[in-house]
Amino acid sequence: MSYQFNWPVYGHYNQLKFLQEAVLQDKLANTYLFYGPSGLGKKMVADLFVKSLYCSDENLKPCNHCQNCQAISKGTFLDLHKLGDREELTAENVRDFLHRLSLSRFGQSHKIAIVYGLGTINLFSANAMLKTLEEPPINTTIILIADSIVNLPSTVISRCQLLKFMSLSKKDMSSWLENFDFSAEEKETISNFSFGRPGLALKMMEDKLDNFKKACNFIIKLLSGNRFYYMQSINSWFELLKKEYPDYKVYELGNLTKQYLDLLEIFLRDLLWLKLNRPLVNELYERDLQAIANTFDKRKILENLLSLNKIKQKLNRNVSPQLLWENIFLGLK
Ligand SMILES: [Zn+2]
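Put into structure tokens, the structure is as follows:
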């Protein structure tokens, strides 16, 4: 066979090679388990794998034009069954799904089932699944997709062909980011903040980095040490949060502010890197950081990083998050 694969995927070389080999040889395992953190492209790879198996084009797989490819794209392909994309994986849903899967159709073509979100499955649902994995229906391949397998019973894992997905390398991330219209500095920053996970990068890019930049500007103002501005912004920030989430408990409000704390931590570390002449995570803000670098010495930065960790733990408890944020400022100067 001489067809080419049309899989626009970055990274995951071994995983792709393994799956394409299965397509070429038309030899499938009963059950695959794709696992690894969200945002790596596991769903996309599963879709390309399935499409390539059914695609009737002789040169390109998938061609995206043949009848099968189009039916799969539209979600009307009869031999492909999906669970967990929209509905929860309750034991009842899992049993229903597996029952439907076991009903054979005339023609007996090969069926494929994709089950998403397996990482959050409970024990009852997992047990419902196990019976099918132990006695797989004939002519059926099941692809399980999970962000994590720590909560999956080993009885389930041991019956699967495992495919572990990992973060993309920096090089793969930058080739992928070539497809988007952002400046080189912005791309570098997006790459650094998404930890090799295209899904996270897409979330950042959704609003053209608007939310990200707003948050960064807030942190920079905080680090620049304008006390009046700072106390005022903290105050209006929490007024807004309380209005928006009137039913939230104190620690729940605190959790909402946690991502800003993470960002502050990255800024502080970047300040330190700047002093040590090492490459920054947040390249976009290098100039802003340079402008304030003189007001911080290394020891002070380290102290602040340590106290941030303590503040993070306190945010989970019933301590007023506004008070904590006010204290952060006092600690910085
Ligand atoms: Zn096709």
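Quick note: the sequence shown, position 208, residue 226 per my numbering, numbers continuous.
Glycine included, every Cβ here is placed at the ideal spot set by N, Cα and C.
query, result
"Distance, Cα to Cα, residue 223 vs residue 299?", "17 Å"
"Any chance the CB of residue 26 is under 7 Å from a heavy atom of ligand 1?", "no"
"Can you give the beta carbon distance from residue 350 to residue 283, rounded, assuming they're within the 8 Å contact cut?", "12 Å between Cβ atoms; not a contact."
"Just checking my contact of residue 181 with residue 130 at CB under 8 Å: how many whole Å lie between their CB atoms?", "Not really, about 15 Å apart at Cβ, beyond 8 Å."
"From the DSSP output, in three-state form, read off residue 47 for me.", "coil"
"Nearest by alpha-carbon distance to residue 332: which of 46, 41 and 270 is it?", "270"
"By Cβ distance, which residues of its chain are closer than 6 Å to residue 203, with the 5 residues on each side in sequence left out?", "301 and 302"
"In angstroms with no decimal places, state the Cα-to-Cα distance between residue 336 and residue 268.", "6 Å"
"DSSP state of residue 6, grouped into three classes?", "The structure shown does not extend to residue 6, since the chain spans only 19 to 351, so no value can be given for it."
"Under 5 Å from any heavy atom of ligand 1, by CB: list those residues in chain order, please.", "73, 75, 80, 81, 84 and 87"
"With burial defined as no fewer than 16 other Cβ atoms inside 10 Å of the residue's Cβ, what is the status of residue 205: buried or exposed?", "buried"
"Between the C-alpha atoms of residue 162 and residue 345, what's the straight-line distance to the nearest angstrom?", "47 Å"
"Restricting to Cα atoms, I'd like to know which of 41, 135, 285 and 90 is closest to residue 65.", "90"
"Can you tell me which of the three DSSP states residue 275 falls into?", "coil"
"Terminal residues of the continuous alpha helix (DSSP H) containing residue 324?", "316-333"
"For my contact list, residue 289 and residue 319 are in at a C-beta cut-off of 8 Å; report their separation, rounded to the angstrom.", "5 Å"
"Report the option in 23, 324 and 155 whose CA atom is closest to the CA atom of residue 70.", "23"
"Once you ignore the five residues that flank residue 159 on each side, which residues in its own chain have a CB closer than 8 Å to its CB?", "46, 47, 48, 49, 50, 128, 129, 130 and 131"
"Grouping DSSP H, G and I as helix and E and B as strand, with all else coil, what is residue 175?", "helix"
"Look up residue 30 in the DSSP assignment and say whether it is helix, strand or coil.", "coil"
"Classify residue 249 as buried or exposed, calling it buried when 16 or more other Cβ atoms lie within 10 Å of its own Cβ.", "exposed"
"Counting Cβ pairs, one atom from each stretch, are 3 or more of them under 8 Å apart for the segment 139-150 and the segment 168-176?", "yes"
"Apart from the five residues just before and just after residue 187, which ones in its own chain have a Cβ nearer than 8 Å to its Cβ?", "29 and 214"
"Quick check on the burial criterion: 16 or more other C-beta atoms within 10 angstroms. Buried or exposed for residue 193?", "exposed"
"Mapping the DSSP letters down to three states, classify residue 117 as helix, strand or coil.", "helix"
"Between 238, 240, 211 and 242, which lies nearest to residue 227 when the distance is taken from Cα to Cα?", "211"
"Using the three-state DSSP reduction, which class does residue 337 fall into: helix, strand or coil?", "coil"
"If you compare alpha carbons, which of 241, 313 and 295 is closest to residue 278?", "241"
"Quick check on DSSP: helix, strand or coil for residue 53?", "strand"
"Quick one: residues in its chain with C-beta nearer than 6 Å to the C-beta of residue 306, no 5 flanking neighbours on either side, listed in chain order?", "238"
"When the Cα of residue 117 is compared with those of 254, 21 and 151, which residue comes out closest?", "151"
"Report the rounded CA-to-CA distance for residue 244 versus residue 304, giving the unit in angstroms.", "19 Å"
"When you compare only the Cα positions, how much space is there between residue 317 and residue 115?", "59 Å"
"Pick from 225, 246 and 251: whose alpha carbon is nearest that of residue 235?", "251"
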